[in-house]
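**Q** Residue numbers (this note's numbering): 11 to 243.
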Amino acid sequence: LNFAAMTPMQVFNSLAEPTERQRLSEIDNLIIGGGAIDDALATELQKMPNRIFSTYGMTETLSHIAMRRINGNDASDFYKPMDGVKIDISSRGTLQIDAPMVCDETLITNDIAEIAPNGTFRIIGRTDNTINSGGVKIQIEEAERLLKDKLKCSFAATSIPDKKFGEALVLLVDNCDLEDVKKACGEAWPHLWQPKSIFNSKIPLTGTGKPDRANIRKIAECLAAQRPDTKAQ
11 LNFAAMTPMQ VFNSLAEPTE RQRLSEIDNL IIGGGAIDDA LATELQKMPN
61 RIFSTYGMTE TLSHIAMRRI NGNDASDFYK PMDGVKIDIS SRGTLQIDAP
111 MVCDETLITN DIAEIAPNGT FRIIGRTDNT INSGGVKIQI EEAERLLKDK
161 LKCSFAATSI PDKKFGEALV LLVDNCDLED VKKACGEAWP HLWQPKSIFN
211 SKIPLTGTGK PDRANIRKIA ECLAAQRPDT KAQ
């Protein structure tokens with residue numbers, strides 16, 4: 011098969027079944043859209059022999075407006091806009107899209123983005139996953155990206171209410187050595203990002219294996235309520 015388009019959930023399910031995984035590998039060019047591809051899925055796809063791309067788009071653009079290669083020598087975290095598509099950063103720090111061929115209006119997304127000098131762009135995270143801790147804004151996905159190479163166990167960053175700072179960053183870690191976690195945070199994050207608390211807990215996931223952000227926060231708040239001082243220990 012020369013070409014196919016799938017969602018991350020479809021790809022996730024196909025990789026879990028040997029016969030479907032083989033069929034997936036026989037697609038010459040596979041594009042994946044309709045949702046974010048998490049690190050675990052991206053790692054699995056890097057093992058595949060075919061050409062696999064992640065697409066970026068919105069309902070308003072009708073289809074994808076940019077693509078990036080997931081595997082192979084050309085793999086990148088940065089999306090390349092399609093011909094005729096112009097991008098910029100809005101006043102909110104989010105991606106702004108001008109795609110006149112598919113949409114008459116300039117679209118301002120909720121995706122926090124970084125634009126490289128060559129015109130490609132990287133999605134850092136969502137505005138609704140931003141922690142504002144005493145005026146210091148911490149993007150959850152970016153914090154986790156910086157930490158992932160330092161920790162071997164499963165973990166998730168989230169926040170809990172804080173009387174002084176409004177919100178405080180905390181970590182859920184699954185069977186991690188606390189000293190290793192503290193060391194990793196110290197190496198990966200600036201001083202003002204250091205977690206107020208570190209809690210041992212299973213990390214809840216969605217059906218596609220992505221962090222279940224709502225439940226992660228609920229677990230952190232529950233554990234914090236059981237530890238009044240909320241100091242990392």
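Ideal Cβ placement from N, Cα and C applies to all residues, glycine included.
As an exercise, report each continuous beta strand (DSSP E) stretch of at least 3 residues that is fully enclosed by the stretch 22-90, in chain order.
**A** As far as the stretch 22-90 is concerned, its whole beta strand (DSSP E) runs of at least 3 residues are 39-42, 61-67 and 74-79.
**Q** At a cut-off of 7 Å, is M77 close to the ligand HEM when judged by its beta-carbon and the heavy atoms of the ligand?
**A** Absence of the ligand HEM is noted for the structure shown, with no ligands found whatsoever.
**Q** Give me, in chain order, the residues of the same chain whose beta-carbon lies closer than 7 Å to that of Q149; leave out the 5 immediate sequence neighbours on both sides.
**A** In the sequence shown, counting from the first residue as 1, residue 149 sits at position 139. Excluding positions up to five away in sequence, the list reads I122, I134, G135, N139 and T140.
**Q** Would you mind giving the Cβ-Cβ distance between R227 and T137, rounded to the nearest angstrom? I have them listed as a contact below 8 Å.
**A** As a first step, residue 227 must be located in the sequence shown, where it is residue number 217. As a first step, residue 137 must be located in the sequence shown, where it is residue number 127. In fact, because the Cβ distance is near 16 Å, the residues do not count as touching under 8 Å.
**Q** Below 8 Å on the Cβ atoms is my guess for E197 versus N142; work out the distance and round it to an integer in Å.
**A** If you number the sequence shown from 1, residue 197 lands on position 187. If you number the sequence shown from 1, residue 142 lands on position 132. About 24 Å separates the two Cβ atoms, so there is no contact after all.
**Q** Please state whether the Cβ-Cβ distance between I97 and F131 is less than 8 Å.
**A** Residue numbering aside, residue 97 sits at position 87 when the sequence shown is read from its first letter. Residue numbering aside, residue 131 sits at position 121 when the sequence shown is read from its first letter. Going by C-beta atoms, I97 is nearer than 8 Å to F131.
**Q** How big is the Cα-Cα spacing for L161 and D190?
**A** Against the sequence shown, residue 161 aligns to sequence position 151. Against the sequence shown, residue 190 aligns to sequence position 180. Rounded to the nearest angstrom, the two C-alpha atoms are 8 Å apart.
**Q** Quick check: the Cα distance between E179 and Q204, rounded to an integer number of angstroms?
**A** Position 169 of the sequence shown, counting from 1, holds the residue named residue 179. Position 194 of the sequence shown, counting from 1, holds the residue named residue 204. Note that residue 179 is Leu in the sequence shown here, rather than Glu. Straight-line Cα distance between these residues: approximately 7 Å.
**Q** How many Å lie between Q56 and K193 at the Cα?
**A** The residue labelled residue 56 in the question sits at position 46 within the sequence shown. The residue labelled residue 193 in the question sits at position 183 within the sequence shown. Approximately 29 Å between the Cα atoms of the pair.
**Q** Once DSSP output is grouped into helix, strand and coil, what is the label at M111?
**A** Within the sequence shown, residue 111 is the residue found at index 101, counting from 1. Looking at M111 - three-state DSSP - the assignment turns out to be coil, as it is neither helix nor strand.
**Q** Give the straight-line distance between the Cα atoms of I75 and I107, rounded to the nearest whole angstrom.
**A** The residue you call residue 75 lines up with position 65 of the sequence shown. The residue you call residue 107 lines up with position 97 of the sequence shown. Their backbone Cα atoms lie some 9 Å apart in a straight line.
**Q** Ignore the nearest five residues each way along the sequence and tell me which others in A15's own chain have a CB closer than 6 Å to its CB.
**A** Mapped onto the sequence shown, residue 15 falls at position 5. The residues are I41.
**Q** Under 8 Å between the Cβ atoms of D48 and G219?
**A** Residue numbering aside, residue 48 sits at position 38 when the sequence shown is read from its first letter. Residue numbering aside, residue 219 sits at position 209 when the sequence shown is read from its first letter. Result yes, Cβ atoms of D48 and G219 sit closer than 8 Å.
**Q** Can you grab the Cα-Cα spacing for the pair L34 / P127, in whole Å?
**A** On the sequence shown, residue 34 is found 24 positions in, with the first residue counted as 1. On the sequence shown, residue 127 is found 117 positions in, with the first residue counted as 1. Whole-angstrom Cα-Cα distance: 34 Å.
**Q** Roughly how many whole angstroms lie between the Cα atoms of P221 and M92?
**A** Taking the sequence shown and counting its residues from 1, the one referred to as residue 221 is at position 211. Taking the sequence shown and counting its residues from 1, the one referred to as residue 92 is at position 82. Going from the Cα of P221 to the Cα of M92 covers about 30 Å.
**Q** My understanding is that S207 touches A234, with C-beta atoms under 8 Å, so please give their C-beta distance in whole angstroms.
**A** Here residue 207 is taken as the residue at index 197 of the sequence shown, counted from 1. Here residue 234 is taken as the residue at index 224 of the sequence shown, counted from 1. Yes, they are in contact, since the Cβ atoms of S207 and A234 sit about 6 Å apart, within 8 Å.
**Q** So the beta strand (DSSP E) G196 belongs to, where does it begin and stop?
**A** For the purposes of this step, residue 196 is taken as residue 186 along the sequence shown, with counting starting at 1. Careful: G196 lies outside any beta strand (DSSP E), inside the alpha helix (DSSP H) at L188 to A198.
**Q** With G94 and M111 assumed to form a contact (beta carbons below 8 Å), what rounded beta-carbon distance in angstroms separates them?
**A** Within the sequence shown, numbered from 1, the residue matching residue 94 stands at position 84. Within the sequence shown, numbered from 1, the residue matching residue 111 stands at position 101. Yes, G94 and M111 are in contact; Cβ-Cβ is about 5 Å, under 8 Å.
**Q** Please classify F13 as buried or exposed, where buried requires at least 16 other C-beta atoms within 10 Å of its C-beta.
**A** The count along the sequence shown starts at 1 and reaches residue 13 at position 3. Exposed.
**Q** Around the C-beta of T119, are 16 or more other C-beta atoms found within 10 angstroms, so that it is buried, or is it exposed?
**A** Taking the first residue of the sequence shown as position 1, residue 119 is located at position 109. Buried is the call here.
**Q** Given this structure, state the Cα-to-Cα distance separating N210 from L156, to the nearest angstrom.
**A** Taking the sequence shown and counting its residues from 1, the one referred to as residue 210 is at position 200. Taking the sequence shown and counting its residues from 1, the one referred to as residue 156 is at position 146. Cα-Cα distance, rounded: 20 Å.
**Q** State yes or no: is the C-beta of G144 within less than 8 Å of the C-beta of F165?
**A** By one-based count along the sequence shown, residue 144 stands at place 134. By one-based count along the sequence shown, residue 165 stands at place 155. Going by C-beta atoms, G144 is not nearer than 8 Å to F165.
**Q** Under the assumption that I213 contacts L181 (Cβ atoms under 8 Å), give the Cβ distance between them as a whole number of angstroms.
**A** Position 203 of the sequence shown, counted from the start, is the residue given in the question as residue 213. Position 171 of the sequence shown, counted from the start, is the residue given in the question as residue 181. Between L181 and I213 the Cβ distance is about 10 Å, and since that is not below 8 Å, they are no contact.
**Q** Can you give me the start and stop residues for the alpha helix (DSSP H) that K228 sits inside?
**A** As a first step, residue 228 is located in the sequence shown; it is residue number 218 there, counting from the start. Element bounds for K228: R223 to A235.
**Q** Near S90, which residues of its chain fall below 8 Å by C-beta distance, leaving aside the five closest residues on each side in sequence?
**A** Within the sequence shown, the letter at position 80 stands for residue 90. Checking the sequence shown, residue 90 turns out to be Lys, not Ser. So the qualifying residues of the chain are A76, M77, R78, G129 and T130.
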